[in-house]
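Note that UniProt numbering has the sequence shown beginning at 1, numbered continuously upward. We treat Cβ as the ideally placed atom computed from N, Cα and C, and that holds for glycine. As the structure is a computational prediction, the values presented were derived from the model and not from experiment.
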Amino acid sequence: MMEQGRSSLNSIPSFLSKTYMMVNDHTTDTIISWSSTHRSFVVWIQYDFSKDLLPIFFKHNKFSSFVRQLNTYGFRKVGQEQWEFTNEDFVKDQPNLIKNIYRGDDILAIMCLILIANGRRLLVLVLLLLH
1 MMEQGRSSLN SIPSFLSKTY MMVNDHTTDT IISWSSTHRS FVVWIQYDFS KDLLPIFFKH
61 NKFSSFVRQL NTYGFRKVGQ EQWEFTNEDF VKDQPNLIKN IYRGDDILAI MCLILIANGR
121 RLLVLVLLLL H
């Protein structure tokens with residue numbers, strides 16, 4: 001099951017590529033930027049982010065929807081003090097890693113396919129043993 005919005009050329013979901021572009025844009029560093037570790041990003045001013053940036057990149061201006069999408073792709077919030085998010089494959093200057101990020105439901109579908117394939121192998125093995 002491939003998520004809608006994934007490009008066949010680079011296989012990166014549009015949500016992730018747009019988020020990477022926002023974080024990587026130095027002109028918006030006062031609103032959103034990479035953390036000092038370069039392994040997470042911080043939304044510094046939630047109001048400006050929602051009002052000014054989200055509508056440019058997405059069809060909404062709801063911060064909660066943006067956070068929900070991040071969670072769907074396996075991002076987690078870092079600490080409680082600020083809106084900082086991390087994913088091991090979302091790293092500054094390494095956009096090639098983004099292809100390793102999948103939606104939670106994509107991972108579930110892949111696991112189901114693996115289980116089905118393994119189940120078929122097991123069935124074939126049992127049938128061979130019975131004959």
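Rounded to the nearest whole angstrom, the C-alpha separation of Y20 and Q80 is 22 Å. Ranked by how close their Cα comes to the Cα of F49, the residues S36, D25, N71 have D25 in first place. Unbroken beta strand (DSSP E) runs of no fewer than 3 residues, entirely contained in the region 41-117, are found at 83-86, following chain order.
As computed with DSSP, S33 is found in a beta bridge with V42. Straight-line spacing of the CA atoms in L16 and S40 works out to 13 Å. Ranked by how close their Cα comes to the Cα of I45, the residues N71, D89, G104, E84 have E84 in first place.
For S17, the enclosing alpha helix (DSSP H) begins and ends at 14-24. The beta carbon of W34 lies closer than 7 Å to those of V23, F41, K92 in the same chain, with the five residues before and after it left out. In terms of Cβ geometry, R76 and N61 do not form a close pair [threshold 9 Å].
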